[in-house]
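First up is the structure itself, then whatever we jot down about it.
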Amino acid sequence: MPEVDDAKLHEDEQRLKEIIERPKTGRRVSEIKDELGTTMNQYVAVYREEEGLQKAHEVVRRLKEEAKTAYVDDQGTVFNQDVLGAVELGYMLDCSEAIVVAAIERKESRGAQFRVDYPDRNDEEWQKHIDISRNGDDVPHVSYSPVTITQWEPEERKY
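By the UniProt record's numbering, the letter at position 131 of the sequence shown is numbered 131, and the numbering carries on one by one without gaps.
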């Protein structure tokens, strides 16, 4: 069994306690999740364009701030699904922001992304992975890595 670092365990316990004890002055976690889902469906589905992606990014950034004060209804410390939902919300917001930032970056249509404002595929410039990292801060950093072509050559998807 792996050993658990006592300092990390204490930090995690404090984080969960802080979520449970938040005053009900912000928004409910479920409200933020609902707005996040609606925003991603509206602006970051298969058909995308710059204006909508920028709007989605603004909403995600705002929701990340609101999540810091989002409260849960269940104040219990055993099998608390509300706390689990609050923890998941943070990960959902991070993933959503990574998706939006990468979608804004890719100025072409490829795979499951159809950019209405960039309808053509551009292998010369964009046959590469977009890598998103946070590097210890709250700002997504964009980098690239090469695509390794294996058995199948990529081909244009037609909608």
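Virtual Cβ for every residue (Gly too), placed ideally from N, Cα, C.
- Between E155 and I130, the C-beta spacing is not below 7 Å.
- Take the alpha-carbon of D138 and the one of P23: they are about 24 Å apart.
- Straight through space, the alpha carbons of Q81 and Q75 are spaced by roughly 10 Å.
- Taken atom to atom, the span from the alpha-carbon of V147 to that of A103 is near 17 Å.
- With respect to T69, G26 sits close: the two C-beta atoms are nearer than 7 Å.
- Short of 8 Å from the beta carbon of E66, and not among the five residues preceding or following it, lie these beta carbons of its own chain, in chain order: G26, R27, I32.
- Distance from R115 to R48 at the Cβ level is roughly 6 Å; contact confirmed, criterion being Cβ atoms closer than 8 Å.
- For V83, the closest alpha carbon among the candidates V44, S143, E18 is that of E18.
- For K128, the three-state secondary structure derived from DSSP is strand.
- Less than 7 Å separates the beta-carbon of V72 from that of A86.
- Scanning L93, V29, S30 for the CA closest to the CA of A56 turns up L93.
- In summary, Y91 is exposed, with fewer than 16 beta-carbon neighbours lying within 10 Å of its beta-carbon over all protein chains present.
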